[in-house]
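Comments concern the structure below.
Numbering (the numbering used here), first residue to last: 10 to 158.
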């Protein structure tokens with residue numbers, strides 16, 4: 010596929026707006042390793058190759074275990090690899106990313122609230138929303154993978 014357009018080249022202000030969301034979330038209370046896993050899980054659901062490539066590399070560079078990355082798409086089948094907090098975040102990530110299916114069911118919301126306070130919930134929702142924005146931009150524009158380092 011050929012990249013359709015480069016948003017940042019055509020309208021830098023539009024790109025900066027999304028970077029503002031990213032900066033907000035990165036400066037928040039959600040721990041970086043969890044944020045990387047959230048980005049990977051949403052990107053798996055959205056089929057975003059560009060984001061999967063980037064966030065797998067970022068997670069590995071941050072010390073994430075390769076096995077946890079390999080199994081993330083089937084996290085429910087390997088609960089021993091992830092904390093209760095991570096699993097709650099993954100369930101919310103899936104519900105928000107696939108919001109057209111069932112919305113965010115009360116049981117997922119309640120389970121997430123057991124592990125995240127209100128401020129963390131806002132940050133978690135912002136993190137999920139932000140990666141979904143990036144995914145939608147990258148998928149719709151056919152953003153190309155970078156050359157191998």
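Even glycine gets a Cβ: it sits at the ideal position worked out from N, Cα and C.
For clarity, every value in this text was computed on a predicted model and none was experimentally measured.
{"Item": "Counting C-beta neighbours from all protein chains within 10 Å, is the total for residue 32 16 or more, i.e. buried, or is it exposed?", "Value": "exposed"}
{"Item": "Which runs of the alpha helix (DSSP H) spanning at least 4 residues fall entirely within the stretch 38 to 109, listed in chain order?", "Value": "41 to 55, 58 to 70, 75 to 80, 93 to 106"}
{"Item": "Looking only at its chain, what residues have a beta carbon closer than 8 Å to the beta carbon of residue 53, apart from the 5 residues adjacent to it on each side?", "Value": "61, 81, 82"}
{"Item": "Give me the Cα-Cα distance between residue 39 and residue 133, rounded to the nearest whole angstrom.", "Value": "7 Å"}
{"Item": "How would you label residue 23, buried or exposed, when you count the other beta carbons within 10 angstroms and need 16 or more for buried?", "Value": "exposed"}
{"Item": "Pick helix, strand or coil for residue 123, following the three-state DSSP scheme.", "Value": "coil"}
{"Item": "Residue 139 and residue 30: beta carbons closer than 8 Å?", "Value": "yes"}
{"Item": "Let me confirm a value: residue 126 is counted as buried when at least 16 other C-beta atoms fall within 10 Å, else exposed. Which label applies?", "Value": "exposed"}
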